[in-house]
Structure formats: C-alpha cells, structure tokens
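Peer 1: Numbering (the numbering used here), first residue to last: -15 to 389. We treat Cβ as the ideally placed atom computed from N, Cα and C, and that holds for glycine. From a predicted model like this one, the values you see are computed outputs, not experimental measurements.
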Amino acid sequence: MPGFEFFGDEERKEVNDVLETGIMMRYGFDGPRKGVWKAVELEKAITETFGCKHAQLVSSGTAALTTALAALGIGAGDEVIMPSFTFVASFEAVLSVGAVPILVDIDETLTVNPEAVRQAITPKTKCIMPVHMCGSMADMDALQQICAEHNLLLLEDACQSIGATYKGKALGTIGDAGTFSFDFVKTITCAEGGAVLTNNNDIYIKCDGYSDHGHDHLGVDRGADLHPFIGYNFRISELHAAVGLAQIRKLSKFLAIQRKNHAQLKAILSQIPEITFRSVPDAHGDSCTFLSWFLPTADIMRDVVAELKAKSIYAGNFYWFDNNWHYIRKWHHLKNNATLGALNDSQMATLAKLDSTDFSASDAVISRCISTAISLTWTEEQIQDKGNKIAAVIKQVLQQKLQEA
Ligand SMILES: *Cc1c(COP(=O)(O)O)cnc(C)c1O
-15 MPGFEFFGDE ERKEVNDVLE TGIMMRYGFD GPRKGVWKAV ELEKAITETF GCKHAQLVSS
45 GTAALTTALA ALGIGAGDEV IMPSFTFVAS FEAVLSVGAV PILVDIDETL TVNPEAVRQA
105 ITPKTKCIMP VHMCGSMADM DALQQICAEH NLLLLEDACQ SIGATYKGKA LGTIGDAGTF
165 SFDFVKTITC AEGGAVLTNN NDIYIKCDGY SDHGHDHLGV DRGADLHPFI GYNFRISELH
225 AAVGLAQIRK LSKFLAIQRK NHAQLKAILS QIPEITFRSV PDAHGDSCTF LSWFLPTADI
285 MRDVVAELKA KSIYAGNFYW FDNNWHYIRK WHHLKNNATL GALNDSQMAT LAKLDSTDFS
345 ASDAVISRCI STAISLTWTE EQIQDKGNKI AAVIKQVLQQ KLQEA
C-alpha cells in the first residue's frame, strides 16, 4: 500500500527544485519562485490522472474531508451518514464543521450497507459519506440512487483507495466531492497532505477559499484579496506537494505491483475452503492495497490472530475488531463525548445514544475479518512464504477447533 516504500531520487529532485528557490509557500512570490509551482502542478496531475475537473490540495486527508463538508454547505445540526468501520478522521471532520455523524452498519464489502443507510435517513440528513476502505469500494450505484431519491449530497472518502475505480470511474470522482489522503502510509504520499476532488466548479471555488482563510485568490496582491466567507488554513506546502508530484508519476507502477502481489497471496489463501474474501462491487476496480479475508466465526479468527502473533507473523495483518482506530467498538472517546470543549446540542444528543446502538451486524463482519496489507517490495518467494505460514496457522486452528468439538 504505501508509496513511501519507493521513495527515491525522483522525490529528492522535486523537493530540491523548491529548495533551490526557497519559496515553500504555494501562493504568491511570483517572481522569486522562478516558475516553480509544485502544488499547482500536482493539482493538474490529479485531475488528469483521475479524470475530474478540479482538485484542491490541502494539508491532510482530514483537512480534505473538513474542507469538502464545508464546501458542500454542511454545518450545525446537519446529519452525515457514515460507516461504523472507517478511520477516526471521518467523524472528526464531521464534528469539526458542527455536523452530526450518524454511524451505520457495514456489510461484507467492508463499506456502508445501502439498506442501513436508507434506514438512517431523517429530515436532518444532508449527506451520505461512504468510506472506500482498504483499497476497494462501496456500492456506488445503490448509494447514488438513494441520494437521488432523497435529494442528498454524496461525499466519497477515498483516502485509502487512491487509484481504485468503480465501473471505469476513479473513486473520489463519482460523488459531489471526494477526498484523498497523502499521509505517510497511503498509496501515494506527500509525507502529509490531502486533496478534494470534484467536477463541480462552485464546490471547487469554495474549497479553494475555505482552505486558505477564505481568500478569493482573484487578485495579484494576496493582501488585497477579498474574503467572501470565513475559511481556515489547511494549505499544503510546496515541499509536500513536490513529494506528491514524484509519487503520482509512480502510481500506475504501484497499482500494478499491488494487483500482482494481491493475486498471488489470494491464490494461496483460496486453497483453504473455510476462507472467504471481501465482496467487491466492481472487482476490476480494486486497487488491491489490502487483501481482506474472513473466517467462519469470530472465535476461530481470534485464535488465528493469537497464533499469528505468537509465531511473529502477524505484522502487516490488521484485525480491525480489536483495533483502536478503525472500528466503532473501541471508539470510547467518541461514545463518551470526550471533546476538549463542548459540542453542540445535536451532536451531544446523537453521541449519547451511540454506546447503546446495536452494531451487531457490523460486529458479525469485522470480528471475522483480517486485512493483510500488500507491500510493494515483496518478492514472489516472500509472498509464497507469508501465504504458506498464514495458511498453516489457519489449518492448525481449524484442526484444533474440530478436535474440541
Ligand atoms: C488516512 C485516512 C483519512 C485521513 O487522512 P490524514 O491525511 O491522515 O488526515 C481519512 N479517512 C480515511 C479512511 C483514511 O484512511
């Protein structure tokens, strides 16, 4: 998954271009920057690579979500429907604009269950925010249909699925807006960074202003810019954009390696009849940053995880059910309303109900699931070895269970 595995001369060259001029800010300094505009260049590369009209770079994926929500006009009291399985950034961004995160169950796509989304719609619902977890996608046809029926906005969190597609369209370019993260462990990295993608000019202009103190960026003198609305500082630096520019040129290579390694590992694990795999709404579009697989019961999976750890072969595998960052079960800070300052009334009212909400449908999926991160640097021998070792542990646990029964 991570682009940092292939950091090299290309990245150093792009960063050096910026260091040569010393202009590390993306706006202004037109003379001294001597034609070096890394953020502008990367935004253009994003629109060309993913096939969308506009891209706004920002300082992180979290900032991209926040910026996108703001640009979509989502604010105090508005409900945003999102999955119970995602990175914490998804609800952080919703809370930061004053809106209310409404968490719903996932299914074996590891993304929102469209039926659960339907059930969660209220008169306050403004937006559906699917999260394309672990390299693959939500059922976008179903979600677009729901948005059309209920007149809702669609914001794709594609932070983990850069380069994945759904029916030929890049994830992040299908909804009203989409977001990427370029943090250090994402498919391509800027060290830190993110982007909002959109085909809508109005949304783009709002992202452009919101991420830079509301500046309209219409004049040549930054100090004389007007501020049609209040924004914040979510700017990316030229140094970060420079790293991303070298990385985006390597994306197709990264994706090809991921797909090859994913296929090899999947073929090995497929030999165990008890293993099933994540369902992927468009199998051709999987970016293959992870191989996500299921065992028949949570009990079996727990024993497998313990055994993988005992044998020191767990590294690179993610058992999300026991993980603090990605699944509702351990989001105690969210359930306990643990913010530094007060939230607004609608946020507090909804979060107060979270601990007693039934997520058993999500539990039934996540408690049986491991996602194995696909490395770009694995050799065929290493994949074979890794696959064999995981398979051996699973067979051993299944055998034990059989004897216990
Ligand atoms: C990484 C990630 C983010 C946030 O990105 P940062 O750049 O780390 O702020 C948001 N959503 C998902 C699903 C992510 O994996």
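1. Go ahead and pull the three-state DSSP assignment for Cys111.
2. Should Asp287 go down as buried or exposed, given a rule of 16 or more other Cβ atoms within 10 Å for buried?
3. In whole angstroms, give me the CA-to-CA distance for Phe213 and Ser165.
4. Does any heavy atom of ligand 1 sit closer than 7 Å to the C-beta of Leu49?
5. Report yes or no: do three or more beta-carbon pairs, one from the region 52 to 69 and one from the region 94 to 110, lie closer than 8 Å?
6. Return the chain-ordered ranges of every beta strand (DSSP E) run that is complete within the region 29 to 58 and spans a minimum of 3 residues.
7. Tell me which residues share the same chain as His201 and place their Cβ nearer than 8 Å to its Cβ, disregarding the 5 neighbours each side in the sequence.
8. How long is the line joining the alpha carbons of Gly45 and Asp369, rounded to whole angstroms?
9. Can we count Gln144 as close to ligand 1, meaning its CB is less than 7 Å from some heavy atom?
10. Would you check whether ligand 1 has a heavy atom nearer than 7 Å to the C-beta of Ala73?
11. Just verifying my parser: in three-state terms, what is the DSSP assignment at Gly402?
12. Buried or exposed for Val204, please, with buried defined as at least 16 other CB atoms from any protein chain shown within 10 angstroms of its CB.
13. What residues are listed by DSSP as bridge partners for Phe278?
14. Once the 5 residues before and after Ile232 are set aside, which same chain residues still bring their CB inside 8 Å of it?
15. Kindly identify the DSSP beta-bridge partner or partners of Asp167.
16. What does DSSP give as the partner residue(s) for Asn217 in the beta ladder?
17. Between which two residues does the alpha helix (DSSP H) holding Glu76 run?
18. Identify whether Pro212 lies in helix, strand or coil by the three-state DSSP scheme.
19. For Gln384, which residues from the same chain have a beta carbon less than 8 Å from its beta carbon, with the 5 sequence-adjacent residues on both sides left out?
20. Closer than 8 Å is the cut-off here; do at least three beta carbon pairs connect the region 264 to 274 with the region 312 to 319?
21. Please report the straight-line C-alpha distance between His38 and Arg206, rounded to a whole angstrom.
22. For Met332, count neighbouring Cβ atoms within 10 angstroms of its own Cβ and tell me buried if that reaches 16, exposed if not.
23. Please name the residue in Gly82, Val84, Ala83 and Glu99 whose C-alpha comes closest to that of Ile90.
24. Along the beta strand (DSSP E) that carries Leu138, what are the first and last residues, could you check?
25. If you compare alpha carbons, which of Gly119, Ala230 and Asp329 is closest to Phe(-10)?
26. Helix, strand or coil for Ala240 per DSSP?
27. For Val64, report the span of its alpha helix (DSSP H) as first-last.
28. Rounded to a whole number of angstroms, what is the C-alpha to C-alpha distance between Val169 and Asp342?
29. In this structure, does DSSP put Val204 in helix, strand or coil?
30. Quick one: which unbroken alpha helix (DSSP H) runs of 4-plus residues sit fully inside the region 278 to 330? Chain order, please.
31. Please confirm whether Glu222 and Ala23 have their CB atoms less than 8 Å apart.
Peer 2: On the basis of the coordinates in this document:
1. strand
2. buried
3. 25 Å
4. yes
5. yes
6. 38 to 42
7. Tyr11, Asp192, Gly193 and Asp209
8. 34 Å
9. yes
10. yes
11. No information on residue 402 is available, as it lies outside the stretch -15 to 389 that the chain covers here.
12. exposed
13. Thr260 and Cys353
14. Leu26, Ala29, Ile30, Thr33 and Ile172
15. Ala175
16. Asp196
17. Ala73 to Ser80
18. coil
19. Asp287
20. no
21. 22 Å
22. exposed
23. Glu99
24. Leu137 to Asp141
25. Ala230
26. helix
27. Segment Glu63 to Pro67 is the beta strand (DSSP E) holding Val64; no alpha helix (DSSP H) there.
28. 32 Å
29. coil
30. 282 to 294 and 316 to 319
31. yes
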